[in-house]
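Mapping of the sequence shown onto the working numbering: position 202 corresponds to residue 218, and the numbering continues sequentially without gaps.
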Amino acid sequence: MSVVSELDLPVFDYTAPDFAAGRYHEQLAALRQRGWLARSPLAYIVLEREPGEYFLRSRATAFPGRQLAEFFGVTSGPLADHIDANILNLTGERHRRLRALVGPAFGPRAVDRWRPAMREFLAALWPGSAGACEFVSAVAKPYPAQTIAAVLGAPAEDAGRLHEWSGWVQKQFDIRAMETSLSSIERAVVEVQEYVTALLGRPRQASGDLISELLAAQSGTDRLSAAECVSLVVNLLAGGIDTAQSQLAHAIRLFAAHPAQWELLAASPALVPRAVSEVLRFEPVTPFTARICLEDITCRGVTFPAGTIVAVCAERGNRETARGEEFDITAEREDRLLTFGAGAHYCLGASLARAELEEALAFLAPRAPGLALDGQPVPGGVEGIYGIEKLPVRWGTARASPG
């Protein structure tokens, strides 16, 4: 039996000056050749699916949001309160209660009603005959924000502000941002909470928006409190805009690099759900999901003492399949991804994210034949949400106008 701190483990340091997001797949693959564990500045990285799922599903682990905040000196104030109320940081009965109350509002059937709105947003954003664009600013950035605004019943003109707030609040999980931009993150938390509180107080119309459902959510005599509603909506904003933007941008980057796959998708719309799963598998925008050990845990003969932080690597776990290093939307794969986590904290917004990606790919594939890069993509960092800052693309003329 070994204690993890005593092991001679390879190091994955995304804070090193020579680290480049474009090479991190190669770095992780090389680490995996040396074993199932690696060391990073704040956590031990789990590089295999089976032990990764073990840590994600274990009741002896929890999301370390509070501990990471304390590491950066956030022990009181609006950001600390927000982190404390975040459903990610809740465990036990309180967490089960909230999931039971709000789960139906985030299920596949519930999100399907927003698909027509998604198509309308895409049609309005698509530059069409222009033949080229910087895809992030043209489509990937505004599309999820407009969708979330519609889902919440917020004014459409507020989508830009929602996007900005989302980006800052999401940085609570970004180690570099917590070091350099703590005041901006906290200011965004205050502003978005004030906005959501005002939104909750508006007269509700019979529009079936998510906020109306949350306000009506109940189990027996139990209902969400106003504070719980605000926290859940803020969490949706933080987790549902940047992630969707980044995943869609990576999808287009991948298809631009695999033109035969793009052509096949345009000719076979039935492949769209499988294509989305392949994008989520191959390039997860949350490459690492952290957990803290609440007690001593032993996994594969290694003891992880209470207080140890582990980071489950979805990037490696997802590729642990036949021909896992190949991007192929026709491959028959088990759709058991680590991209949205696992266990009690499986991502509430997974169905909404899949729907947004499915509608985007179904809309774009027949309208952008010959999709190709029109310059070098500019990737973001991998320590929080792995996004793309700029993605110049070009395409040809569609043979016929899609219906």
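Note that the Cβ used here is the ideal one computed from N, Cα and C, for glycine as well.
In this structure, PHE379 is the residue among PRO393, PHE379, GLY333 with its C-alpha nearest to the C-alpha of ALA133.
For the options GLU294, VAL127, THR213, the alpha carbon positioned closest to that of ASP225 is the one of VAL127. The Cβ-Cβ distance between HIS274 and GLU299 does not fall below 8 Å. DSSP links PRO408 through a beta bridge to GLU150. Linking VAL288 to ALA384 through their CA atoms gives a straight-line distance of about 15 Å. Around the beta carbon of LEU23, a 10 Å sphere encloses fewer than 16 other beta carbons of the protein chains shown; the residue is thus reported as exposed. Taking C-alpha positions only, ARG307 is separated from SER293 by approximately 24 Å. For the pair PRO120 and GLU350, the Cα-to-Cα distance works out to about 25 Å.
CA-CA distance, THR196 to SER241, rounds to 34 Å. The C-beta distance from GLU399 to ARG192 rounds to 6 Å, short enough to fall under 8 Å. By the Cβ criterion, the region 160-175 is in contact with the region 253-263, since at least three pairs of Cβ atoms, one from each stretch, lie closer than 8 Å. Shown here, SER92 sits in coil according to DSSP, grouped into three states, outside any helix or strand.
Residue pairing by DSSP puts CYS329 in a beta bridge opposite PHE304.
Pairwise C-beta distances place the region 315-330 out of contact with the region 391-407, as fewer than three of them are shorter than 8 Å. The three-state reading of DSSP puts VAL398 in coil, since its state is none of H, G, I, E or B.
A straight line joining the alpha-carbon of ASN334 with that of LEU353 spans about 6 Å. In this chain, the alpha helix (DSSP H) harbouring LEU380 covers 366-380. According to the DSSP assignment, CYS245 belongs to the alpha helix (DSSP H) that extends over 242-256. Linking THR302 to ILE61 through their CA atoms gives a straight-line distance of about 14 Å.
From the listed residues ALA146, SER228, TRP142, GLY144, the smallest Cα separation to GLY169 is found for SER228. In the displayed model, ALA54 falls within a strand according to three-state DSSP. The region 246-257 makes contact with the region 359-374, as at least three CB pairs between them are under 8 Å. Residue pairing by DSSP places ILE61 opposite ALA54, ALA327 in a beta bridge.
For PHE304, the closest alpha carbon among the candidates ARG65, PRO94, ARG135, MET17 is that of ARG65. In this structure the region 206-216 lies against the region 243-250, because at least three pairs of beta carbons, one per stretch, are closer than 8 Å. Comparing C-alpha distances from LEU84 to each of VAL250, LEU58, ALA140 shows the shortest one belongs to LEU58.
The shortest C-alpha to C-alpha distance from GLY38 to any of GLY412, TRP411, GLN392 is the one to GLN392. Assignment of beta strand (DSSP E) within the region 137-195, counting only whole runs of 3 or more residues, yields 148-150 in chain order.
Taking the Cα positions, ASN105 is about 36 Å away from ASP344.
Each residue's CA atom was taken as its position, placing PRO285 and THR346 some 12 Å apart.
The Cβ atoms of ALA282 and ALA388 lie no closer than 8 Å to each other.
In the DSSP assignment, ILE227 falls outside any beta strand (DSSP E) and lies within the alpha helix (DSSP H) extending over 226-232. The DSSP-derived three-state label of SER200 is helix. In this structure, the straight-line span from the alpha carbon of ILE313 to that of VAL19 is close to 10 Å. When GLU180, PRO143, LEU198 are compared, the shortest CA-CA separation from ALA96 is found for LEU198.
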